[in-house]
Amino acid sequence: MIPFRAIGGKGYFEVSFHRKIPRMSGLRSVKAVVKMLPAVSVPPETEVGWFRVGAQPKFVGGTEGMRMMERTQIRRHGLRLILSGAVLGLVSWGIYCTVADAWSELDGKPIPWRLDPAWLSASALFYVLGTLPMVLFWYRALHALECRPRFFETLRAYCVGSLGKYVPGKALVVLLRARLLYSNRAGGTATTVSIFLEVLTMMAVGAFLALFMFVFWLDDHLKNYPFLLPLTIGMLVIAGLPTWPAIFKKIVLRLGTARLDADIEKRLSGIQFSLMGYGWMLMTFGWICLAGSLWSVVCGIGLERDIGGDALPYCLAAITMAVVAGFVSLIPGGAGVREYLITVILGHFYFSEILEIPFATATALVVAVILRLIWLGVEFGLALTLFLIGHFYRRSQRAR
């Protein structure tokens, strides 16, 4: 018999040959003849043992355990499909209503917009400026976790990795950034932890700014869209609560990262409120720049004489809600979610109710689409440029 023991408080079950398995809910298998403490044994002929993890680990042998595991996996997969289908259905309905409203407004009338390259270039510049604070916070978070990448390496990994958000699930963002940054100065586990910290902090600050705008500037507009306020609060809780330093450290350790990096607990001591305060300041500036990018697009379609500084709260609320909701939806690039929320907040709240311009919905939809194209162009341009610079730099270093 091969001994099998539960280690209290460590978060692992350990087999005598020192293979550690994360302590997670559900069933896990061990290809060994197992003896569980306090007094549960398995017949020698049993090749695969299944055990349920809980306060009192319970061994379930053979076919019964396999069936229980299959049922658990089927339920989880079904729940994910239902949630994904519900989100996709709501987004599709919102897009349909938005496009239908915009089309009915035009109804064969001549297109009222004219593009100004100078303002559209300003929008691209604002987007680049808005990206830099995000990179700076990630760079600072990496150093807090005792990683020592160069700033250019961090910038390159951030910009190239950002393209991963256009792949379903968005996991490619983490994989690309961690892979590009991996070296003897930046371990994979700590880098991955820093990626999640940066992304969640960005989304938490965005949700907070959206909530602030709704409560103090746009509260009169929420009567026809009562779902926006609870949605914003929910997004703030989802993204913000895990970034509380003590909670963040506990989550990271519970995920079993100590198996991959023995020093992770020591590294996590660098996640302090001072770091998060620094991050919130940087992210706030970054979001304001992104709002400036949206504002520049509005000016760039011929409305520069109609809007002024009073449009900035609407642009800030629109861009923060659009990006954060797109992130939470897990739809690649937030496609449809961003456009719908920008159309609601900018089109219905500002263009229709404040400026009272014709084609309000259609104008907001055009703004959202142009903004999407500008950001895509900037992201691909930055990613390609920085990737090639890094590639040729490494080749020149090897040639020496």
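Everything in the sequence shown is counted per the numbering used here, starting at 7 for the first residue and increasing by one.
By construction, the Cβ of each residue, glycine as well, lies at the ideal position given by its N, Cα and C atoms.
- Looking at the backbone, the Cα of alanine 147 and that of leucine 138 are separated by about 14 Å.
- Across the structure, glycine 276 and glutamate 310 are spaced so that their CA atoms are roughly 46 Å apart.
- Every alpha helix (DSSP H) of 4 residues or more that sits fully in the segment 165-217 is shown, in chain order, as 177-187.
- Rounded to the nearest whole angstrom, the CA to CA distance from alanine 323 to tyrosine 188 is 36 Å.
- Taking 8 Å as the cut-off, the Cβ atoms of cysteine 305 and glycine 136 do not count as close.
- Here leucine 228 is near leucine 235, since their CB atoms are less than 8 Å apart.
- Contact between alanine 210 and alanine 252 does not hold, since the beta-carbon distance rounds to 15 Å and is not under 8 Å.
- Tyrosine 399 sits exposed, since fewer than 16 C-beta atoms from the chains shown fall within 10 Å of its C-beta.
- For tyrosine 172 against glycine 339, the beta-carbon gap comes to about 5 Å, under 8 Å, which counts as contact.
- In this chain, the alpha helix (DSSP H) harbouring threonine 238 covers 234-246.
- The distance from the Cβ of threonine 197 to that of alanine 177 is about 15 Å, inconsistent with a contact at the 8 Å cut-off.
- Runs of the alpha helix (DSSP H) spanning 4 or more residues and lying entirely within the segment 316-395 occur at 318-335, 343-348, in chain order.
- Of the residues assessed, proline 174 falls on the exposed side of the cut-off, its CB having fewer than 16 other CB atoms within 10 angstroms.
- Looking from the CA of tyrosine 346, the closest CA among Tyr231, Leu186, Pro123 belongs to Tyr231.
- Assignment of glycine 136 by DSSP, reduced to helix, strand and coil, places it in the helix class.
- Here the alpha carbons of isoleucine 239 and phenylalanine 254 stand approximately 19 Å from one another.
- Its chain contains Phe132 as the residues whose beta carbon lies nearer than 6 Å to that of glycine 298, once the 5 sequence neighbours on both sides are disregarded; these appear in chain order.
- DSSP places leucine 288 within a helical segment (H, G or I) once states are collapsed to three.
- Contact check for leucine 377 against valine 303 passes: the beta carbons are separated by less than 8 Å.
- Under the three-state reduction of DSSP, glutamine 403 is assigned to helix.
- For proline 155, no alpha helix (DSSP H) encloses it, and the DSSP letter there is neither H nor E.
- An exposed status is given to methionine 287, since fewer than 16 other beta-carbon atoms sit within 10 Å of its beta-carbon.
- Glycine 298 sits in a helix when the DSSP states are folded into three classes.
- Between phenylalanine 291 and glutamate 204 the beta-carbon gap is near 15 Å, outside 8 Å, which marks them as no contact.
- For glutamate 310, the secondary structure class from DSSP, reduced to helix, strand or coil, is coil.
- A distance below 7 Å between beta-carbons, with the five flanking residues on each side excluded, links threonine 349 to the following residues of its chain, in chain order: Thr104, Thr367, Ala370, Leu371, Ala374.
- In the structure shown, isoleucine 277 falls within a coil segment according to DSSP collapsed to helix, strand and coil.
- Taking the C-beta atoms as reference points, isoleucine 325 is found no nearer than 8 Å to serine 129.
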